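Heads up: the sequence shown is residues 1 to 282, going by UniProt numbering.
Ideal Cβ placement from N, Cα and C applies to all residues, glycine included.
These numbers were taken from a predicted model, which means no experiment stands behind them.
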Amino acid sequence: MGKHAQLIMGPAGSGKSTYCDTMRKHCEEIKRSVHVVNLDPAAEVFEYPVSIDIKNLITVDEVMDELAYGPNGGLVYAMEYLVENMDWLMDELDDFEEDYLIIDCPGQIELYSHIPVMRTLVDALQQSGYRVCAVFMVDSQFILDSCKFISGSLMCLSAMIRLEIPHINVLTKLDVIKKSHRLKDIESFLDLEVHELVDRLDNETNNRYHKLNRAIGQLLEDYSLVGYIPLDISDQESISFLLAQIDNSIQYGEDVEPQDPNDQYFEEDEDADDGAFDNYNN
Ligand SMILES: Nc1nc2c(ncn2[C@@H]2O[C@H](COP(=O)(O)OP(=O)(O)OP(=O)(O)O)[C@@H](O)[C@H]2O)c(=O)[nH]1
Ligand SMILES: [Mg+2]
Numbered sequence: 001m002g003k004h005a006q007l008i009m010g011p012a013g014s015g016k017s018t019y020c021d022t023m024r025k026h027c028e029e030i031k032r033s034v035h036v037v038n039l040d041p042a043a044e045v046f047e048y049p050v051s052i053d054i055k056n057l058i059t060v061d062e063v064m065d066e067l068a069y070g071p072n073g074g075l076v077y078a079m080e081y082l083v084e085n086m087d088w089l090m091d092e093l094d095d096f097e098e099d100y101l102i103i104d105c106p107g108q109i110e111l112y113s114h115i116p117v118m119r120t121l122v123d124a125l126q127q128s129g130y131r132v133c134a135v136f137m138v139d140s141q142f143i144l145d146s147c148k149f150i151s152g153s154l155m156c157l158s159a160m161i162r163l164e165i166p167h168i169n170v171l172t173k174l175d176v177i178k179k180s181h182r183l184k185d186i187e188s189f190l191d192l193e194v195h196e197l198v199d200r201l202d203n204e205t206n207n208r209y210h211k212l213n214r215a216i217g218q219l220l221e222d223y224s225l226v227g228y229i230p231l232d233i234s235d236q237e238s239i240s241f242l243l244a245q246i247d248n249s250i251q252y253g254e255d256v257e258p259q260d261p262n263d264q265y266f267e268e269d270e271d272a273d274d275g276a277f278d279n280y281n282n
């Protein structure tokens, strides 16, 4: 079957650990042998059984105590320590060679944008034969506001460009947003053409930023790689749709039916892939 892993990333509180637990349960239901790896050296409470835990190597508390670092510096130090001790992780992974891995990462955004920790991790996994899919979580609150939508999309784009692996962006907490917004509103935001988004952004910002708005819109359009798959963890169909997209991107299971990457979770929306932010799979 080969070695496969999902690398779960995204800003603090975006729903990474909740996703790991949800996906683990779903995989167990469909009889897939799955293990969750915790790579957050500051994590305290786990909803899921932890098969490999970075805290057995290093914790942020230890770094803060011994080196008098603050929490963010402590986290960066701990992640760099992991990179220097990649053999530890590879040894731990040896016990789960036949299993599908879900890797829960910390939420500090500098890990994805400023320092090369995640890229080094991905390179090491690939060298030891893993096919890795980056699964980037963004809170769906982000998508109903043009400014947040653009900044969230740039964050996703930055991680995609840095990691250069199959990449899926997930809009989390759809169950929450469904309570306050109609699905149609959410869909219409996902289907926006970039120029429509930029127009909305112009309306919300001072004149002096309009040129910048256009340049950012152009950047997203040129790459046209930023798409989202909405996830409602209370809906099995939503979870299984997302898993199929991820599996497809890393060719998990020869017997898995290939899916059209342009299929949308919102089945009733036939024009969905007209938007500039279509779903994307490698
Ligand atoms: N209703 C609902 N709540 C969610 C969902 N995902 C996450 N939450 C809640 O959002 C909060 C943050 O979720 P976590 O899964 O801990 O987020 P995280 O990205 O792992 O956070 P950090 O590890 O601190 O970066 C928790 O209170 C979760 O219960 C979801 O899909 N639906
Ligand atoms: Mg977490």
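Excluding five sequence positions before and after Val198, the CB atoms of its chain that fall closer than 7 Å to its own CB belong to Asn213, Arg214, Gly217, given in chain order. Within the chosen limit of 7 Å, ligand 1 does not reach the beta carbon of Lys184 with any heavy atom.
Following the DSSP letters along the chain, one finds Asp145 in no beta strand (DSSP E), marked with neither H nor E.
Secondary structure note for Tyr223: its alpha helix (DSSP H) is the uninterrupted segment 210 to 223.
In the DSSP assignment, His195 falls within the alpha helix (DSSP H) that extends over 194 to 204. For Tyr100, the uninterrupted beta strand (DSSP E) run begins and ends at 100 to 104, by DSSP. For Asp235, the distance from the CB to the nearest heavy atom of ligand 2 is not below 7 Å.
Distance from the CA of Ala134 to the CA of Gly15, rounded to the nearest whole angstrom, comes to 15 Å. Asn85 carries a coil assignment under DSSP once its states are collapsed to helix, strand and coil. Ile102 is not a Cβ neighbour of Arg32, given a cutoff of 8 Å.
Linking Met86 to Leu121 through their CA atoms gives a straight-line distance of about 8 Å.
Here the alpha carbons of Thr205 and Gln127 stand approximately 46 Å from one another.
With a cutoff of 7 Å, Lys31 does not count as near ligand 2, since its C-beta is closer than that to no heavy atom of the ligand.
Asn169: member of the beta strand (DSSP E) spanning 167 to 172, first to last residue.
By the criterion of a C-beta distance shorter than 7 Å, Cys20 is surrounded in its chain by Ile8, Val36, Tyr48, Ile102, Asp104, once the five residues flanking it on both sides are discounted. The beta-carbon separation of Ile161 and Ser249, rounded to 17 Å, does not stay under the 8 Å limit for a contact. In the displayed model, Tyr77 falls within a helix according to three-state DSSP. Excluding its 5 nearest sequence neighbours in each direction, Arg200 has C-beta neighbours in its own chain below 7 Å: Ser146, listed in chain order.
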